[in-house]
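A.B. asks:
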Amino acid sequence: WTADLNYNRSTNDRNGSFLTNRLNTAAQSTYQTNNSDGKTTFITIQTDYTDPIGKNGKLELGLKTTLRNYSSVYNVFDQDTTSGDFIFNNLLSNDYKYKEQIYAGYVNYAGTIGTFGYQGGLRVEQYVYSGEIPSEGQKFKPTRATPGFFPSLYLSKKLSGEQELQLNYSRRVTRPTFFQLIPFRDYTDPLNQREGNPNLKPEYTNSVEFSYAKNWKTANFLGTVYYRNTNN
Numbered sequence: 035w036t037a038d039l040n041y042n043r044s045t046n047d048r049n050g051s052f053l054t055n056r057l058n059t060a061a062q063s064t065y066q067t068n069n070s071d072g073k074t075t076f077i078t079i080q081t082d083y084t085d086p087i088g089k090n091g092k093l094e095l096g097l098k099t100t101l102r103n104y105s106s107v108y109n110v111f112d113q114d115t116t117s118g119d120f121i122f123n124n125l126l127s128n129d130y131k132y133k134e135q136i137y138a139g140y141v142n143y144a145g146t147i148g149t150f151g152y153q154g155g156l157r158v159e160q161y162v163y164s165g166e167i168p169s170e171g172q173k174f175k176p177t178r179a180t181p182g183f184f185p186s187l188y189l190s191k192k193l194s195g196e197q198e199l200q201l202n203y204s205r206r207v208t209r210p211t212f213f214q215l216i217p218f219r220d221y222t223d224p225l226n227q228r229e230g231n232p233n234l235k236p237e238y239t240n241s242v243e244f245s246y247a248k249n250w251k252t253a254n255f256l257g258t259v260y261y262r263n264t265n266n
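Per this note's numbering, residue 35 is the first one in the sequence shown, and the count goes up by one each step.
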């Protein structure tokens, strides 16, 4: 039985200056500066238990909680062509905060019966995400996904002549990253802009694989046929 607690806190500051000269000489060049300040707190709490059962069996189960708080302030300033002073650009500046919580538990059992091997497991996960733009008083409703169930099953059969057949099934989830969810345009580099979509949904993948393996003294062969279906 093991238990782990990880706590990480980080900050990042970045400054940028961009001087843009137009090919059309009649247009004036523009000078823009920006600065950003971000803070992240990341906490992981995890416990796992493993118990050998009999000669060939093994039971595994555990719980895991992931908590992440993030805040960012991004300011843009344009230089006035007449006075040379830098003026705050409210349209391009932004700030954002978000909280992400993941609560998960799993159970897994593996064993063998003669030349037949098997492993089955189930992971259950609850995901919560919420964000806000403090300067605008705008809050996004928490994304509280329906608890997800992610089963997996692995079967194998050893044959004569160093051969083996394998049949596997699993269901997985891939969640959008912070930059894919952030709800405003990033002008850190005026010529390479990006913008996220807070309404993105996680994608769920079901996969089935059938494999054949053959071993020789100096070489081996593995052939696999698979089917994968991804939603969202």
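The C-beta atom is built at its ideal place from N, Cα and C for all residues, glycine as well. This one's a predicted model, so the numbers in the text were calculated from it and none came from an experiment.
If you follow the beta strand (DSSP E) that F150 is part of, which residue opens it and which one closes it?
C.D. replies: As a first step, residue 150 is located in the sequence shown; it is residue number 116 there, counting from the start. F150 to I167 is the extent of the beta strand (DSSP E) around F150.
A.B. asks: Pull up the DSSP beta-bridge partners for S63, would you.
C.D. replies: Here the question's residue 63 lines up with position 29 in the sequence shown. According to DSSP, which records beta bridges pairwise, S63 is partnered with nothing at all.
A.B. asks: Which parts of the stretch 85 to 162 are runs of the beta strand (DSSP E), unbroken and 3 residues or longer, counting only runs that do not cross its ends?
C.D. replies: List check, beta strand (DSSP E) in window: 91 to 113, 120 to 122 and 128 to 147.
A.B. asks: Let me confirm a value: Y163 is counted as buried when at least 16 other C-beta atoms fall within 10 Å, else exposed. Which label applies?
C.D. replies: Residue 163 sits at position 129 when you count from the first residue of the sequence shown. With 16 or more Cβ atoms within 10 Å of its Cβ, Y163 is classed as buried.
A.B. asks: Using a Cβ-Cβ cutoff of less than 6 Å, which residues in the same chain neighbour Y151 once the five nearest sequence positions on both sides are dropped?
C.D. replies: Along the sequence shown, read from residue 1 onward, the residue named residue 151 stands at position 117. The residue you asked about is not Tyr; residue 151 is Gly in the sequence shown. Correct list, in chain order: S190.
A.B. asks: If you follow the beta strand (DSSP E) that L193 is in, where does it begin and where does it stop?
C.D. replies: One-based indexing of the sequence shown puts residue 193 at position 159. Element bounds for L193: G182 to L193.
A.B. asks: What does F218 pair with, by DSSP beta-bridge criteria?
C.D. replies: Looking up residue 218 in the sequence shown gives position 184. Answer is none; F218 lacks a bridge partner.
A.B. asks: For G148, does the count of other Cβ atoms within 10 angstroms reach 16, so buried, or fall short, so exposed?
C.D. replies: Translated into positions along the sequence shown, residue 148 becomes position 114. It counts as exposed.
A.B. asks: Taking a contact to mean a Cβ-Cβ separation below 8 Å, would you say G88 touches N46 in this structure?
C.D. replies: Translated into positions along the sequence shown, residue 88 becomes position 54. Translated into positions along the sequence shown, residue 46 becomes position 12. Cβ atoms of G88 and N46: not closer than 8 Å.
A.B. asks: In the DSSP assignment, find the beta strand (DSSP E) that holds D257 and state where it starts and stops.
C.D. replies: Looking up residue 257 in the sequence shown gives position 223. It should be pointed out that residue 257 corresponds to Gly in this sequence rather than to Asp. Taken as a continuous stretch (DSSP letters only), the beta strand (DSSP E) holding G257 covers N254 to N265.
A.B. asks: Helix, strand or coil for E170 per DSSP?
C.D. replies: As a working mapping, residue 170 is identified with position 136 in the sequence shown. Residue state, collapsed to three classes: helix.
A.B. asks: Is the distance from the Cβ of T64 to the Cβ of T54 below 8 Å?
C.D. replies: Residue 64 sits at position 30 when you count from the first residue of the sequence shown. Residue 54 sits at position 20 when you count from the first residue of the sequence shown. Going by C-beta atoms, T64 is nearer than 8 Å to T54.
A.B. asks: Once you ignore the five residues that flank T84 on each side, which residues in its own chain have a CB closer than 6 Å to its CB?
C.D. replies: Position 50 of the sequence shown, counted from the first residue, corresponds to residue 84. For T84, where only same-chain residues beyond five positions count, the Cβ hits under 6 Å are E94.
A.B. asks: Specify, as a first and last residue, the run of the beta strand (DSSP E) that D47 falls within.
C.D. replies: Within the sequence shown, the letter at position 13 stands for residue 47. Per DSSP, D47 belongs to the beta strand (DSSP E) from T36 to T54.
A.B. asks: At the level of alpha carbons, what is the spacing between Q113 and Q62?
C.D. replies: Within the sequence shown, numbered from 1, the residue matching residue 113 stands at position 79. Within the sequence shown, numbered from 1, the residue matching residue 62 stands at position 28. For Q113 and Q62, the distance between alpha carbons rounds to 12 Å.
A.B. asks: Where does the unbroken beta strand (DSSP E) through Q227 begin, and where does it stop?
C.D. replies: By one-based count along the sequence shown, residue 227 stands at place 193. Per DSSP, Q227 belongs to no beta strand (DSSP E) and is neither H nor E.
A.B. asks: Evaluate contact between the stretch 192 to 206 and the stretch 229 to 243, counting only Cβ atoms and requiring at least three cross-stretch pairs below 8 Å.
C.D. replies: Flag = yes, the stretch 192 to 206 and the stretch 229 to 243 touch.
A.B. asks: Which term fits S70, buried or exposed, when burial requires 16 or more other beta carbons within 10 angstroms of its beta carbon?
C.D. replies: Along the sequence shown, read from residue 1 onward, the residue named residue 70 stands at position 36. Buried, by the Cβ-count rule.
A.B. asks: So the candidates are G139, L215, D129 and E229; which of them puts its Cα closest to the Cα of L156?
C.D. replies: Taking the first residue of the sequence shown as position 1, residue 156 is located at position 122. Of the candidates G139, L215, D129 and E229, the one whose C-alpha sits nearest the C-alpha of L156 is G139.
A.B. asks: Kindly list the residues whose CB is nearer than 7 Å to the CB of L201, restricted to its own chain and excluding five residues on each side of it in sequence; keep chain order.
C.D. replies: Position 167 of the sequence shown, counting from 1, holds the residue named residue 201. Taken in chain order, the residues that qualify are L189 and F244.
A.B. asks: Return the CA-CA distance between Y141 and N90, expressed in angstroms with no decimal places.
C.D. replies: For this step, residue 141 is matched to residue 107 along the sequence shown. For this step, residue 90 is matched to residue 56 along the sequence shown. The amino acid occupying residue 141 in the given sequence is Val; Tyr does not appear at that position. The alpha-carbon atoms of V141 and N90 are separated by roughly 17 Å.
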